[in-house]
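To start, the structure under review is shown below, and the notes come after it.
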Amino acid sequence: MRGTMRCCRTIEESRRRTFLLAEEYHRESMLVQWEQLKQRVLQTLLGSGEDALDFTQDVEPSFVSDVGAPGRSALDSVEVAYGRQIYIFNEKIVNGHVQPNLGDLCASVADSLDDKNVSEMWLMVRQMSDVLLVPAQDSLKSRVAVDMQMAFVRQALQFLENSYKNYTMVTVFGNLHQAQLGGVPGTYQLVHSFLNIKLPGPLPGMQDGEVEGHPVWALIYYCLRCGDLSAAMQVVNRAQHQLGEFKNWFQEYMNSPDRRLAPATENKLRLHYRRVLRNSADPYKRAVYCLIGKCDIADNHGEVADKTEDYLWLKLNQVCFEDDGSNAPQDRLTLAQLQKQLLEDYGESHFSASQQPFLYFQVLFLTAQFEAAVAFLFRVERLRSHAVHVALVLYELRLLLKSSGQSAQLLSQEAGGPPHGAAPQLHPPAHALHPQIRGHRPPRGPPVLLLPAE
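With UniProt numbering, the residue at position 217 of the sequence shown is 217, and numbering never jumps.
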C-alpha cells in the first residue's frame with residue numbers, strides 16, 4: 001500500500017512539474033512571438049534603408065531547465081504590461097467571447113504606470129478613434145472623405161474643450177477663496193469664478209461692458225473654450241443690448257449642426273469684422289468673431305490663445321469643409337492647410353518636440369495626422385512601446401494608412417491624402433501573440449484564425 005501511495009505521489013508530482021514546464025514554455029514562446037511582431041512593426045515604421053535598426057535576438061526559445069524560473073525576453077515592464085493586455089484581447093477572441101476594445105485595454109496600462117502624459121495620450125487616442133468609418137474602397141479614401149474629416153475635427157474639439165473645462169475646475173477648486181465660487185452650478189458660474197483668478201482686475205481696451213464684474217467678451221470666449229455654447233448664450237442674452245446683431249448671428253451658429261453660419265450671414269459678419277473690429281483693442285471680441293465667422297486666419301490671437309492647445313482649438317474651429325467660391329484666401333482654412341502648417345511649416349523645432357514629445361504628438365494626432373504622430377513618437381526611444389501600441393490600435397480600427405511597400409520612406413504622401421508612415425506589416429493585432437489570422441472556419445465551430453505558411 002505504501003509503495004502504491006509513493007508511486008501515486010511521484011506520478012502526481014511528475015504531472016504537476018510537466019504542466020508547469022509546459023505553461024512556462026508556452027509563456028516564453030508567446031513573449032518571443034510578441035517580440036517578433038514588434039520587430040515587424042519597427043522595421044516597417046523605419047523602412048528597410050540603412051537607418052533601419054536591428055532588434056532581432058540571437059537566442060532562440062528553448063525549454064526551461066528549472067521549473068519556476070521566469071521566461072526571458074527583451075521586453076521591459078511597459079512592454080510586458082501592454083503584452084498582457086494583448087494576450088487578454090486574444091484570449092477573448094480565441095475563446096469565442098465578445099471582442100473587447102483594444103484601445104480600452106491598452107489605455108488601462110497607463111493607469112498602472114501612473115503617468116499623466118501617457119494617460120492623456122490614450123484618452124486622446126480613444127477620443128479620436130471613436131468615429132464611424134466612411135465606406136470606401138480603401139483606408140485612404142475613407143480618411144480623406146469630408147464626413148470623416150469633419151468627424152475628426154469634432155472629436156478633436158471635444159477633447160480640447162473637455163480638457164480645458166477640467167483645467168478650469170482644477171484651478172477654481174484649488175483657489176476657492178479667490179474664485180469665490182457660488183451661484184447656480186454650471187459652466188457659466190465656473191467660468192465666472194475662473195475669471196476671478198485669471199482676470200482679477202480691470203483690463204484696458206475691453207468693449208461692450210461687463211456681466212457681473214467681468215468683460216462680456218472674455219466670458220463668452222471662455223464659455224466657448226469650455227465647449228458650452230449654452231453658457232455663452234447666457235452671457236449674450238445678459239448683454240444683448242450692447243452687442244448689436246451678434247445675438248442673431250450667435251443663435252444661428254449655435255443651432256447649426258456643423259458650427260457654420262449660412263453664407264449670407266457669414267459674409268455679413270466678416271464684413272463687420274473687417275470694417276470695425278480687425279484693429280479692435282479687445283482681443284476676446286476679435287477672437288470670438290474670428291471663431292464664429294471663420295475669418296482672418298492669419299491672426300493667431302496670441303493675447304488670449306497663449307498655449308499650444310488654445311491655438312489648436314482656435315484653428316480647428318476655423319477649419320472649413322465647404323467652399324461656395326465666395327471665401328477670400330485670408331478667410332479660408334482647410335484641414336489639409338492646417339496639417340501642412342503644423343507638420344512642415346512649423347515642425348518639431350517650433351513646438352520644442354524633443355523637450356515636449358507628448359505635446360507635439362498631440363498637435364499631430366488632434367489634426368488627424370495619425371501616421372506622422374506615431375512615427376514621431378516612435379523615434380523617442382523611451383516612448384517607442386507606446387507608439388507601437390497606438391499603431392496597433394489604429395490598425396485594428398482600420399484608421400492607419402498603409403504605404404505602398406515595406407521599403408517606403410518613414411513618411412510618404414499619397415495624392416490627396418495626409419502624410420503617413422509605412423503601416424506595420426503584421427497580422428491583425430487581435431492575434432499578435434497567437435499564430436492565427438482571421439478567415440478560417442473549422443468544421444462545427446466558430447471562426448478561428450490560422451497563420452499561413454511562411
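Just so you know, even glycine gets a beta-carbon here, dropped at the ideal spot from N, CA and C.
Beta-carbon contacts of residue 299 that lie in its chain and below 8 Å, excluding the five residues immediately before and after: 286, 290
Does the structure place the stretch 208 to 225 close enough to the stretch 233 to 246 that three or more beta carbon pairs sit under 8 Å? yes
I'd like to check one pair, residue 161 with residue 226: are the Cβ atoms closer than 7 Å? yes
Assuming residue 377 contacts residue 387 under a Cβ cut-off of 8 Å, what Cβ separation, rounded to an integer in Å, is found between them? 4 Å
Of the residues 281, 318, 122, 131, the one placed nearest residue 297, counting alpha carbons only: 318
The stretch 141 to 154 / the stretch 307 to 321 touching (three or more Cβ pairs under 8 Å): yes
State the start and end residues of the unbroken alpha helix (DSSP H) segment that holds residue 307. No alpha helix (DSSP H) holds residue 307; DSSP gives it neither H nor E.
Per DSSP, which residues does residue 210 bridge with? Please list them. 215
Local conformation of residue 131 per DSSP, three classes: coil
Taking C-alpha atoms, which residue in 380, 249, 142, 223 lies nearest to residue 167? 223
Just to confirm the assignment, what range does the alpha helix (DSSP H) spanning residue 337 have? 335 to 340
For residue 293 versus residue 269, is the C-beta distance shorter than 7 Å? yes
If you drop the 5 nearest sequence neighbours on each side, which residues of the same chain put their C-beta closer than 8 Å to that of residue 194? 168, 171, 172, 179, 222
What is the C-beta distance between residue 282 and residue 205, in whole angstroms, given that I count them as a contact (C-beta under 8 Å)? 5 Å
Environment of residue 266 [buried if 16+ CB atoms lie within 10 Å]: buried
Cα-Cα separation between residue 396 and residue 182, rounded to whole angstroms: 47 Å
Can you tell me whether residue 57 is buried or exposed, with buried defined as 16 or more other CB within 10 angstroms of its CB? Residue confidence is low: residue 57 scores 37 on pLDDT, short of 50, so the model does not pin down where it sits. No coordinate-derived value is stated.
Where the alpha helix (DSSP H) through residue 255 begins and ends: 246 to 255
Examine the Cβ distances between the stretch 321 to 336 and the stretch 355 to 365 and report whether three or more of them are shorter than 8 Å. no
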